[in-house]
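Participant:
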Amino acid sequence: MESSQRRRLSIIASHLHPIKLTPTLENVSSSIVSQSRCNSCSDSKKQCNLETDCVFCKIVRGDAPSLKLYEDDECLCFLDNNPVSPGHCLIIPRCHFPSLVATPPSVVATMCSKVPYISKAVMKATGSDSFNLLVNNGVDAGQVIFHTHIHIIPRRARDCLWASESLKRHPLKLDQEALHLVNNIRQQLSFVDGFEDSKDHGTTLIGS
Numbered sequence: 223m224e225s226s227q228r229r230r231l232s233i234i235a236s237h238l239h240p241i242k243l244t245p246t247l248e249n250v251s252s253s254i255v256s257q258s259r260c261n262s263c264s265d266s267k268k269q270c271n272l273e274t275d276c277v278f279c280k281i282v283r284g285d286a287p288s289l290k291l292y293e294d295d296e297c298l299c300f301l302d303n304n305p306v307s308p309g310h311c312l313i314i315p316r317c318h319f320p321s322l323v324a325t326p327p328s329v330v331a332t333m334c335s336k337v338p339y340i341s342k343a344v345m346k347a348t349g350s351d352s353f354n355l356l357v358n359n360g361v362d363a364g365q366v367i368f369h370t371h372i373h374i375i376p377r378r379a380r381d382c383l384w385a386s387e388s389l390k391r392h393p394l395k396l397d398q399e400a401l402h403l404v405n406n407i408r409q410q411l412s413f414v415d416g417f418e419d420s421k422d423h424g425t426t427l428i429g430s
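Residue numbers for the sequence shown follow my numbering, so the first one is 223 and each next one is one higher.
The following block contains the structure:
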């Protein structure tokens, strides 16, 4: 039996035979916790040292407990340890990247490709019909664990999870300040490696 088939079987088995968990999750079954090594540890000793204290890398290696929902050769999904709603889960790459902007586009694409599949399952299991997809990138954006991760957060009507949802929003002013911002961002995009130069594209914000 192939390794991927064995993993799927172990996940299914964990749902058929629920395991009683202590509040500290000290007795989480190995069928739920990933036991594989973090792929990026083999890249270099320096990278491996950076990952020593990364809790998500520990989860990938099986050195820290997690309530695992899904895994494949590239990604892992598990329940957030401090959820803002029932079913709040995280999708992470097995390889260590400290932020979304440091993550290769191919890895981001792989992570995002799992969102429809996982979110549907989470919404059905939690009885919700909506969810937020969230990435905190950088300290000022609220990133606490510096291993790229995507939050899937199930939502219910009037749950009032975000204070920002009660803030009044104002229409974008189609003025010179907005045009300057657009031109500045486009100029910066031209310096981003691997990004198609779009400086010749016409703006859709302000008519010519």
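Don't be surprised by glycine CBs; every beta carbon is placed ideally from N, CA and C.
The alpha helix (DSSP H) with Lys290 in it runs from where to where?
Facilitator: First-last for Lys290: Lys290 to Glu293, but that is the beta strand (DSSP E), not the alpha helix (DSSP H).
Participant: From what residue to what residue does the alpha helix (DSSP H) around Cys334 run?
Facilitator: Pro327 to Ser335
Participant: Name, in chain order, the residues that DSSP records as bridge partners for Leu355.
Facilitator: Its beta-bridge partners are Ile374.
Participant: If I'm right that Leu301 touches His310 with Cβ under 8 Å, what's the distance once you round it to whole angstroms?
Facilitator: 7 Å
Participant: Given Ser388, which residues of its chain have a CB within under 8 Å of its CB, disregarding the five upstream and five downstream residues?
Facilitator: Cys382
Participant: If you run the structure through DSSP and keep just helix, strand and coil, what is Leu411?
Facilitator: Leu411: helix per DSSP, three-state reduction.
Participant: Pick out the complete beta strand (DSSP E) segments inside the segment 273 to 321, 3 residues or longer, and give them in chain order.
Facilitator: The DSSP assignment places complete beta strand (DSSP E) segments of no fewer than 3 residues inside the segment 273 to 321 at 290 to 293, 297 to 301 and 311 to 315, in order along the chain.
Participant: For my contact list, Pro376 and Met345 are in at a C-beta cut-off of 8 Å; report their separation, rounded to the angstrom.
Facilitator: 6 Å
Participant: Determine contact between the segment 318 to 326 and the segment 355 to 374, defined as no fewer than three beta-carbon pairs at a distance below 8 Å.
Facilitator: yes
Participant: Measure the alpha-carbon distance for Ile372 versus Leu401 and round it to whole angstroms.
Facilitator: 31 Å
Participant: For Glu293 and Gly349, what's the separation of their Cα atoms in angstroms?
Facilitator: 23 Å
Participant: When the Cα of Met333 is compared with those of Thr274, Pro287, Val404 and Ile374, which residue comes out closest?
Facilitator: For Met333, the closest of Thr274, Pro287, Val404 and Ile374 by C-alpha to C-alpha distance is Ile374.
Participant: In its own chain, which residues sit with a C-beta less than 8 Å from the C-beta of Val323, not counting the 5 before and 5 after it?
Facilitator: Asn359
Participant: Could you give the distance in angstroms between the alpha-carbon of Phe353 and the alpha-carbon of Pro393?
Facilitator: Roughly 25 Å separates the two Cα atoms.
Participant: Might you give, ordered along the chain, the residues of its own chain that have their beta carbon closer than 7 Å to the beta carbon of Ala286, omitting 5 neighbours on each side?
Facilitator: Hits under 7 Å: Val277 and Lys280.
Participant: Roughly how many angstroms lie between the CA atoms of Lys390 and Val357, to the nearest whole one?
Facilitator: 23 Å
Participant: Sort Glu399, Leu396, Pro305 and Asp295 by Cα distance to Lys336 and report the nearest one.
Facilitator: Out of Glu399, Leu396, Pro305 and Asp295, Asp295 has the C-alpha closest to the C-alpha of Lys336.
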